[in-house]
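K.L.:
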Amino acid sequence: EAQVTQNPRYLITVTGKKLTVTCSQNMNHEYMSWYRQDPGLGLRQIYYSMNVEVTDKGDVPEGYKVSRKEKRNFPLILESPSPNQTSLYFCASSFSWGYNSYNEQFFGPGTRLTVL
Amino acid sequence: AQKVTQAQTEISVVEKEDVTLDCVYETRDTTYYLFWYKQPPSGELVFLIRRNSFDEQNEISGRYSWNFQKSTSSFNFTITASQVVDSAVYFCALHYNNNDMRFGAGTRLTVKP
Chain B
13 EAQVTQNPRY
23 LITVTGKKLT
33 VTCSQNMNHE
43 YMSWYRQDPG
53 LGLRQIYYSM
63 NVEVTDKGDV
73 PEGYKVSRKE
83 KRNFPLILES
93 PSPNQTSLYF
103 CASSFSWGYN
113 SYNEQFFGPG
123 TRLTVL
Chain U
12 AQKVTQAQTE
22 ISVVEKEDVT
32 LDCVYETRDT
42 TYYLFWYKQP
52 PSGELVFLIR
62 RNSFDEQNEI
72 SGRYSWNFQK
82 STSSFNFTIT
92 ASQVVDSAVY
102 FCALHYNNND
112 MRFGAGTRLT
122 VKP
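This is the structure in structure tokens:
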């Protein structure tokens with residue numbers, strides 16, 4: 013089944029304890045992206061990747077890192093989480109992205125993160 | 012600045028009523044895409060429609076219809092004869108600058124039986 017998977021789905025952690033949220037897609041998509049969803053703010057893009065080894069900042073990259081060593085995986089890393097990073101996180105992927113080769117984004121199920 | 016405004020935070024209707032969700036966007040780009048996504052209570056994001064800036068034709072899909080008007084920078088979504096299963100948060104989004112994506116804050120629709 014074609015899908016985007018995220019792990020863990022739920023995570024409660026403490027301030028300063030490094031964590032990684034994994035994202036994997038099995039559709040051979042080039043484009044992957046991370047968003048956070050907060051009440052009243054909708055979804056805001058954190059980072060995106062147009063292809064392997066190519067990543068770029070979105071609207072709210074501070075406090076996050078990403079890497080794209082393989083096409084299928086795009087982990088989100090919080091080196092030193094803080095309470096203001098408590099949020100619902102979504103990973104998304106698309107076959108390609110950009111005006112000349114646009115395709116729909118497929119979203120993962122979400123990861124609810126609480127930082128105490 | 013690129014911006015998407017969904018002024019209606021919450022809407023409540025009774026089943027079988029028609030309901031329109033408003034979306035107003037701002038962009039300096041002449042090429043852009045607009046989207047609607049549905050987020051049911053289960054939390055996943057479901058793609059509904061995309062429209063590029065050069066296609067102002069309205070679209071109908073079953074009970075769903077979309078009205079794109081560049082003159083007013085609006086891309087409104089209407090559900091005809093609403094059903095309880097339509098209860099969800101609906102997001103409008105703007106794809107601009109070739110790579111960037113901006114979502115509105117969402118409208119929570121509750122359809123009561």
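Chains B and U are the protein sequences, given in the same order.
The end of the first sequence is residue 128 by this note's numbering, with every number in the run present.
The end of the second sequence is residue 124 by this note's numbering, with every number in the run present.
The C-beta atom is built at its ideal place from N, Cα and C for all residues, glycine as well.
All figures in this text were calculated on a predicted structure; none of them were measured in a lab.
1. Using alpha carbons as the reference points, say which of B:17, B:43, B:127 and B:26 lies closest to residue 106 of chain B.
2. For residue 129 of chain B and residue 60 of chain B, I'd like the C-alpha separation in whole angstroms.
3. Report the option in U:64, U:51, U:81 and U:56 whose CA atom is closest to the CA atom of residue 44 of chain U.
4. Hey, could you find the ends of the beta strand (DSSP E) residue 47 of chain U is sitting in?
5. Can you pull the chain U residues whose beta carbon is under 8 Å from the beta carbon of residue 121 of chain B, in chain order?
6. Who are the near neighbours of residue 114 of chain U in its chain, counting only those whose CB is closer than 7 Å to its CB and skipping five residues on each side?
7. Ordered along the chain, which non-local residues of its own chain (more than five positions away) have a Cβ less than 6 Å from that of residue 46 of chain U?
8. Who are the neighbours of residue 110 of chain U on chain B, taking C-beta pairs under 8 Å?
9. Looking at the C-beta of residue 116 of chain U, does it have a partner C-beta in chain B at a distance below 8 Å?
10. For residue 108 of chain U and residue 90 of chain U, I'd like the C-alpha separation in whole angstroms.
11. Name the two residues that bound the continuous beta strand (DSSP E) containing residue 103 of chain B.
12. Can you tell me which of B:38, B:71 and B:58 puts its alpha carbon nearest to the alpha carbon of residue 77 of chain B?
13. For residue 37 of chain U, which beta-bridge partners are listed by DSSP?
14. Determine contact between the region 41-56 of chain B and the region 98-105 of chain B, defined as no fewer than three beta-carbon pairs at a distance below 8 Å.
15. Under 7 Å Cβ-Cβ, which residues of chain U neighbour residue 53 of chain B?
16. Identify every residue that forms a DSSP beta bridge with residue 54 of chain B.
P.N.:
So, from the data block:
1. B:43
2. In this structure chain B extends from 13 to 128, so residue 129 of chain B is not present and cannot be described.
3. U:64
4. 44-50
5. 54 and 55
6. 15, 102 and 104
7. 61 and 104
8. 60, 62, 68, 109 and 110
9. yes
10. 30 Å
11. 99-106
12. B:58
13. U:14
14. yes
15. 116
16. B:50
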